[in-house]
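Visitor: Pasting in a structure now, in structure tokens, and then I'll have a few things to ask.
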Amino acid sequence: MIELKLIIGLNRTVNKINRKTSFLCKQNGLTLSQFAVLEALYHKGDMSVGSVKDSILSTDGTIPVVVGNLVKNGFITKRKDSNDKRSNILSLTEKGRDIIKKVYPMNEKLIVEQLEILEDYEKEELLRLLKKIGS
1 MIELKLIIGL
11 NRTVNKINRK
21 TSFLCKQNGL
31 TLSQFAVLEA
41 LYHKGDMSVG
51 SVKDSILSTD
61 GTIPVVVGNL
71 VKNGFITKRK
81 DSNDKRSNIL
91 SLTEKGRDII
101 KKVYPMNEKL
111 IVEQLEILED
121 YEKEELLRLL
131 KKIGS
């Protein structure tokens with residue numbers, strides 16, 4: 001069944017890249033989930049906890065622990081949303097900005113190296129097909 005082979009192949013590829021990213025994160029004192037939160041805040045600016053959770057495809061049970069550890073380690077701050085007291089807004093600290101500025105380019109390089117086996121037109125076609133599946 002080719003569909004099953006496709007899903008297994010996609011999962012193996014993503015898992016391989018995630019393992020390498022996890023190792024890179026660990027070398028820099030972060031978990032993969034912490035890196036994902038920092039990266040979201042770095043690229044999108046201040047966000048609510050719920051928006052970060054949705055952005056990084058996390059679960060309700062995981063995100064409070066990840067956020068708590070990032071706050072404890074001084075990488076982010078958490079404050080009440082002035083428009084909605086039930087919501088918290090997350091922001092990068094200078095320490096958080098420094099670590100993501102260091103680690104993000106290294107991770108980007110890692111991803112580029114993993115995908116350099118493909119020609120540009122193959123990458124574009126793969127992206128088109130993944131979007132088609134995901135829509």
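Residue numbers (UniProt numbering): 1 to 135. In this text, a Cβ means the ideal position worked out from N, Cα and C, and glycines have one as well. All figures in this text were calculated on a predicted structure; none of them were measured in a lab.
Tell me the DSSP secondary structure of S135 in three-state form.
Guide: Residue state, collapsed to three classes: coil.
Visitor: Give the range of the alpha helix (DSSP H) segment to which K78 is assigned.
Guide: Run containing K78: none in the alpha helix (DSSP H); it sits in the beta strand (DSSP E), 76-80.
Visitor: Residue ranges of each beta strand (DSSP E) run of no fewer than 3 residues wholly in the UniProt domain "HTH marR-type" (3-135), ordered along the chain?
Guide: DSSP runs (the beta strand (DSSP E)) wholly in the UniProt domain "HTH marR-type" (3-135): 76-80, 88-92.
Visitor: Any chance the stretch 41-49 sits against the stretch 110-128, with 3 or more Cβ pairs inside 8 Å?
Guide: Short answer: they don't touch.
Visitor: Could you tell me the distance, in whole angstroms, from the CA atom of T21 to the CA atom of Q34?
Guide: Distance between the alpha carbons of T21 and Q34 is about 12 Å.
Visitor: Could you tell me if K109 is buried or exposed, where buried requires 16 or more neighbouring beta carbons within 10 angstroms of its beta carbon?
Guide: The residue in question, K109, is exposed, as its Cβ has fewer than 16 Cβ neighbours within 10 Å.
Visitor: What does a CB cutoff of less than 6 Å around A36 pick up in its chain, not counting 5 residues either side in sequence?
Guide: Contacts found: I56.
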